[in-house]
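Under full-length UniProt numbering, the letters of the sequence shown match residues 1 to 562, in that order. Cβ coordinates follow ideal geometry from the N, Cα and C atoms, glycine included. Predicted model only: the values in this text are computed from it and were never measured.
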Amino acid sequence: MPTNVIQSEKEMLGGDRSSNLLSSAFLKWRKFTQGDKQVLVLALLATVVASVIVIMLWTASQGYRPLYGSQENVETSQVIEALEAEGIYYRLESTTGMILVADDQLGKARMLLAARGVKAKVPSGMDELDSSSLGTSQFMEQAKYRHGLEGELARTIMSLKSVRSARVHLAIPKRSLFIRQQPELPTASVMLQLHPGAALTQSQVEAVVNLVAGSVTGMLTSGVKLVNQDGEFLSANLSENQDITQARDKQIDYTRELEHNLITNANAMLEPILGPNNYQVKIAAKVNFNQVEETKEALDPESVMTQERTSTDDKNAALAQGIPGTLSNQPPDTTKAAADKNRSLRQEANRQFDVGRSVRHIRYQQMQLENLSISVLVNNSVSTSLTTDDAELVKLGSMVKDAIGFSSERGDSFSINAFAFAPIAMTEFEPLPWWQVEDYQAYLRYIIGGLLGLGLILFVLRPLVSHLTQTARKLDDESRELDTIAQAKNAEADAEDMTRSSVRLAQGQSSKDNAEWLGDMDLPESGSPLTVKMEHLGMLANKEPARVAEVLAHWIGDKDAD
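Structure, rendered in structure tokens:
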């Protein structure tokens, strides 16, 4: 009951406030002068008309589509001339300059432009080769082929969303018949016109450069120069050795993916226990991307001898005697006796026994995980046992280790700690007002337009019509008043004539009765009001109706005689 009473009191207060506002507004309106009221009405009328125009323009702007795509370059003047000739309404977009037409006129406009020969400007390609004649020289054929190839490349590049138009210039040297001469490599220059606000990423620039280089035989990516409409050298930042750059990017992506997968495994174990946003897991992986090959040779120490090597030297020669001189420097005697006396023998033997010998060639994986660094942070406000009992943390740590594949032999490091997390200030996003929701805006346009049109009828057309009708009524009333006044004046004149006629008749009578009757009657003075004269005539008619009738007949006879 108290709540109902309070609500009723609030409703009464709200109703009183609204009535007070209305009464105060009405009082202020009554205080305005007639000129102020007219100015206010005119201002309200101008506001309503402007609002109606804005709503009409706002509604009319919906449902318009581009006549041609963003990649189709057309002659705008020809398109506008054709549309104006056929009476098709169009609009020009302020940002891109594209021609927009209504949805229901799109097909008609395209068919009309196609019938008039207005086509999109597309670079010519290999279709130019069909126009070659039998007498065309080789130089012209090569020029047409190069021009057609440039057009085909431009069409392919224009298929990118960010590119509006493109021009390609190829410099293909003539082949030489001399093999030893260093051949000149072909080059290319590409000019791109991007859409307003669009930009090419580094990967897109590399894609365009590789596309052009792959379309011409013998062309390298370093020979392709890429420039945009602002004169920016887009291909200046490309590395000469793109393989190294691409390999580095792949290595970084592989490392991030590995760390993400390991963190996902750890989250799958901790989230059911601690809940979301109550822990943090970070893993840093060290991956060796070097390609290593290793060859090992092992011998069994308990096996027999694997290799034997013997060497024997046998020398038999006379020693040098005497005083050194010319004779001692002479060559020895080469006779048979000297040969028997001086003899030298050398023998070598090498034996190898492959018993207990093993050779192993190992090629390690290129992306080899060397070690992991794992850090786990737990919010101690979730469970007090985590802060008081270290065994709980140890259990969580062992569970995480098993989930991510921790290995102490590999040199992995692991740490887990519990701290109080700082409170997160939750930012509450206010919902959009209902008039800004797209679902309501479509209906809101028609509702506002209808209300403004209704207001225009009620507050503009209706007062105008009523004013015109009131003016006509005033004119009718004034004409009626004038007729009444004229009738009254005519009646007054008739009464005066009747009085004068009766006086003349009375004066012309010679009988005694008439003289007595006229003597008894008090005639009104001349210039008396009409009411007095009418009262006197009524009195005469009541007393002597026959005589009044005679006077009227005599008066009518005089009128007819006149």
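Boundaries cannot be given for L238, as no alpha helix (DSSP H) includes it and DSSP labels it neither H nor E. Taking C-beta separations shorter than 8 Å and ignoring five residues to either side along the sequence, the partners of V118 in its chain run V74, E75, Q78, V79 and A82, following chain order.
Around the beta carbon of E293, fewer than 16 other beta carbons lie within 10 angstroms, which makes this residue exposed. Per DSSP, the continuous beta strand (DSSP E) segment holding Q280 begins and ends at Y279 to N288.
DSSP places N542 in the helix class (H, G or I) of the three-state scheme. Taken atom to atom, the span from the alpha-carbon of E257 to that of P196 is near 36 Å. For T76, the uninterrupted alpha helix (DSSP H) segment begins and ends at T76 to E86. The Cβ atoms of V212 and V190 sit closer than 8 Å to each other.
T187 counts as buried, since no fewer than 16 other beta carbons sit within 10 angstroms of its beta carbon. Nearest Cα to N379 within the set S311, Y279, F414 and M158: Y279. Taking 8 Å as the cut-off, the Cβ atoms of S162 and A198 count as close.
Take the alpha-carbon of L393 and the one of N417: they are about 8 Å apart.
Here DSSP, grouped into helix, strand and coil, assigns L160 to coil. For L377, the three-state secondary structure derived from DSSP is strand. By the neighbour-count criterion, in which a residue is buried when 16 or more other Cβ atoms sit within 10 angstroms of its Cβ, M219 is buried. Counting of Cβ neighbours within 10 angstroms places L27 among the exposed residues, the total staying below 16. Counting C-beta atoms within 10 angstroms of its own C-beta, G151 has 16 or more neighbours from the protein chains shown and is therefore classed as buried. G397 counts as buried, since no fewer than 16 other beta carbons sit within 10 angstroms of its beta carbon. Within the same chain, and ignoring the five residues on either side of S358 in sequence, the residues whose Cβ sits closer than 6 Å to its Cβ are A298. The criterion of a C-beta distance shorter than 8 Å is satisfied by D412 and L372.
Comparing alpha-carbon positions, the option among L185, R65, M158 and D253 lying closest to D104 turns out to be R65.
Shown here for M367: same chain residues with a beta carbon closer than 7 Å to its own, the five before and five after excluded, namely Y254, V287 and F289 in chain order. In the structure shown, the three-state DSSP call for E293 is strand.
Rounded to whole angstroms, the separation of the alpha carbons of L170 and M140 is 15 Å. As a beta-bridge residue in DSSP terms, S413 pairs with S373. Put simply, the backbone Cα of T295 is about 11 Å away from that of Y364. Of the candidates L45, T156 and A285, T156 places its Cα closest to the Cα of N210.
Looking at the DSSP output, Y364 sits in no beta bridge, so it has no partner there. Looking at the DSSP output, F139 bridges to nothing. A residue is called buried when at least 16 other Cβ atoms come within 10 angstroms of its Cβ; R164 meets this threshold and is buried. Remark: C-beta atoms of L238 and L200 do not approach each other more closely than 8 Å.
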